[in-house]
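I have placed the structure first, in the form of structure tokens, so that the comments after it can refer back to it.
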Amino acid sequence: MDSEDLNQHCYCPALSLSGFHAELEARLLASGLDISLAQSHPHLFAALPVYVAVPMRAQMAAAVLAVETLVKSEHYRDVVLKGASEAVQFDPGSPGGVLGFDFHLGAAGPKLIEINTNPGGLLLCLLQAQALKTCLPQEFQLSTDPHKVEDHAIAALRDEWRLQSSGQPLTTVAILDDAPAHQYLYPEFLLYQALLRRHGIACDIADPAALLRRGNKLYLGERPIDLIYNRITDFGLANSEHQTLRDAYLERAVALSPHPRAHALYADKRNLMRMTDPAFLAACGLDENAAATLIDVVPPTVWLSDANRAALWAERRRWFFKPARGYGSKASYRGDKITHKVWGALSDGDYVAQEIVQPGTRASAGAESFKYDLRCYTYCGELLMLVARMYQGQTTNFRTPGGGFAPVVVTRSSEAGIA
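For the sequence shown, position 184 (counting from the first letter as 1) is numbered 183 according to numbering that gives the first Met the number 0, and the numbering increases by one without interruption.
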């Protein structure tokens, strides 16, 4: 059976959710969080795996490398950063941390839907992968080695610090988000904190309001902070409540990852338009193979403007409308679901229209199948982990019974060249 047959006909769970929840809860309890994941996060993890053919994984990896090559182009950076704020234009010297490349997978191959600069789930999915059991272990394997993911995660943070600092060892990290204890993925913050502490790095989880500036250093209480692992969704640090952080970052009083420049270069969805423009790619000096990869893998994407507004409305069923600087599915709309009222509220220049690419489907023992997308966690072009997100409805969510993060499994026989 190929991967598509398995996704449609294999209902074997790869995970005991009750056992996995118990293991994760024990880890969180050691960090001071006493919760029942079955109650607080009942749809965070899926028991069913998603099967992916090795050639599909190779195509996604090639797309990641093509994007990285494009981002290194001086012409690309000049165009993307033109007119941006000081915080966005500022170059701290590092790539900007782990990225999430989100794909839909179909008969035409993987299609890149969006890129994220602060993708959640890496350490949570690592634990899920470590607990995985497949029904045919001699023929199947995980998409990536879970035993190396923690090493990659800590290495990425150390690398971000090294490239933004004067070469001193990394000793203190703050994981920063607005009201962090109320964030849905707060359990992952605790996993990162525990990981950093195991590596001898002091780590606190805090709200930006707790930051204090003393001289040329940023503090949490009495502790100076070397690096901030940034989970804030104010990607440009434009909000007034983040001014202390923004000023410290611009004055190199603290290292920040991910940072505003990385979000502009990778995650602004207007970049997807440029990735499908042959003339622009040629002006960036991209070689033919990399350009062909991007043109093939990125769905047609256009900028919503007065000039095309009427045409896009007439063909709205073909398009998915997204805020250019948004994240997740927030304020995103399928054209066939959009109302006149919502359409009128979309701001010209703030939205892109991306041609709809249907997500993959994963059958289950129940009456209704799941949709899924694939997320590649990467750093500097290297694939760290590949996971799926299973859901029902318009967009990815963690509200679907049986859905959530799902492990991705590939066949060893495919890697050996057997179809």
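Here a beta-carbon is modelled for each residue, glycine too, at the ideal position from N, C-alpha and C.
As the crow flies, the alpha-carbon of V356 is around 33 Å from that of H146.
Take Y191, set aside five residues on each side of it, and the residues of its chain with a beta-carbon closer than 8 Å to its own are L122, A152, I174, C202, Y228, in chain order. A straight line joining the alpha-carbon of T338 with that of E314 spans about 14 Å. By the 16-neighbour rule on beta-carbons within 10 angstroms, M384 is buried.
Put simply, the backbone Cα of L236 is about 20 Å away from that of S164. At least 8 Å separates the beta-carbon of Q393 from that of E367.
Counting only runs of 3+ residues, the beta strand (DSSP E) found wholly inside the segment 260 to 324 occupies 300 to 302, 318 to 322, in chain order. Beta-bridge analysis with DSSP links T377 to L98, L382. For the pair L285 and E85, the CB atoms are not nearer than the 8 Å cut-off.
By the criterion of at least three beta-carbon pairs nearer than 8 Å, the segment 15 to 33 is not in contact with the segment 374 to 382. The segment 215 to 226 and the segment 37 to 55 do not touch, with fewer than 3 CB-CB distances between them shorter than 8 Å. Between the alpha carbons of G325 and V351 lies a distance of about 11 Å.
For N6, the uninterrupted alpha helix (DSSP H) segment begins and ends at 2 to 8.
Going by C-alpha positions, L126 is about 8 Å away from L23.
Of all alpha-carbon atoms in L111, A21, A83, E67, the one lying nearest the alpha-carbon of M55 is that of L111. Fully enclosed alpha helix (DSSP H) runs of no fewer than 4 residues occupy 2 to 8, 16 to 29, 36 to 39, 53 to 70, 73 to 80 of the segment 2 to 81, in order along the chain. Counting the other Cβ atoms within 10 Å of the Cβ of R245 gives 16 or more, which makes it buried. Bridge partners of H103 according to DSSP: K110. Note: F404 is bridge-paired with F44, R388 in the DSSP secondary-structure output. Comparing alpha-carbon positions, the option among K340, T377, L293, V253 lying closest to R212 turns out to be V253. Taking 8 Å as the cut-off, the Cβ atoms of G96 and T116 count as close.
Straight-line measurement puts the Cα of R197 at about 29 Å from the Cα of P259. Boundaries of the alpha helix (DSSP H) around L122: 121 to 129.
In this structure, the CA atom of Y75 is about 7 Å from the CA atom of L69. Nearest in C-alpha terms to W312, of all of Y332, Q182, D295, S35, is Y332. Of the residues P406, V409, F397, the one whose Cα lies closest to the Cα of S39 is F397. Ranked by Cα distance from S346, the options Q353, D335, R308, W318 are led by R308. In the structure shown, the three-state DSSP call for A247 is helix. DSSP places Q353 within a strand segment (E or B) once states are collapsed to three.
Within the same chain, Cβ atoms closer than 7 Å to the Cβ of A65 are found at A289, T292, L293, the five residues on either side in sequence being excluded.
Going by beta carbons, I34 and Y265 fall outside the 8 Å limit. Judged by their CB atoms, G402 and H42 are nearer to each other than the 8 Å cut-off. Per DSSP, the continuous alpha helix (DSSP H) segment holding Y191 begins and ends at 185 to 197. A distance below 6 Å between beta-carbons, with the five flanking residues on each side excluded, links F319 to the following residues of its chain, in chain order: R333, Q353, I355. R157 carries a helical assignment under DSSP once its states are collapsed to helix, strand and coil. With fewer than 16 other CB atoms across the displayed protein chains lying within 10 angstroms of its CB, Q167 is exposed.
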